[in-house]
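Residue numbering for the sequence shown follows numbering that gives the first Met the number 0, starting at 0 and increasing by one per position.
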Amino acid sequence: MRCGPGGVGQCFGPDICCGATIGCHLKSRESAPCAAENSIPVSCEVGTPPCADGAGRCAADGLCCSEESCTVDESCRLSPASQTETARLADILRSLMPNGDGVSLSRHYGYQRR
């Protein structure tokens, strides 16, 4: 299920929304659409690689998430090419904001409005 700003994230559980360009949002406005997953009879399928410990899936740069929580996991680091793409997308997002203000991006914690 899609979630986050502009639907660019993926639900990892009923309260977790993550994406390469937005980081992870837990129990927030961005993860609110994920609550609907509780009413769907089939479990969430995320197409990202499994984390090193096998307890979750890679959710964002350096983050592993299960349906209940997220942890730092070095095996989930983005490749340098992916980091370049993430930076390019962040620049595009900033260019869409009036005066370039209003958004602060973080690899691990998603975006925050200023």
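Where is the CB? At the ideal position from N, CA and C, for every residue including glycine.
{"Query": "Proximity of G57 and C33 at Cβ, strictly below 7 angstroms", "Result": "The sequence given here has Cys at residue 57, not Gly. Going by C-beta atoms, C57 is not nearer than 7 angstroms to C33."}
{"Query": "Local Cβ density within 10 Å of E36, reported as buried at 16 or more and exposed below that", "Result": "buried"}
{"Query": "DSSP three-state assignment for A58, whether helix, strand or coil", "Result": "strand"}
{"Query": "Of the residues S38, T20, G55, A59, the one placed nearest P13, counting alpha carbons only", "Result": "S38"}
{"Query": "Proximity below 7 angstroms, CB of D60 to CB of L77", "Result": "yes"}
{"Query": "Classification of S74 by the beta-carbon crowding that lies within 10 angstroms, buried from 16 upward", "Result": "exposed"}
{"Query": "Counterpart residues of I15 in DSSP-defined beta bridges", "Result": "G12, L25"}
{"Query": "Distance between beta carbons of S30 and C16, contact taken as under 8 angstroms", "Result": "4 angstroms"}
{"Query": "Neighbourhood of G55 by C-beta distance below 7 angstroms, restricted to the same chain and skipping five residues each side", "Result": "C63, C64, S65"}
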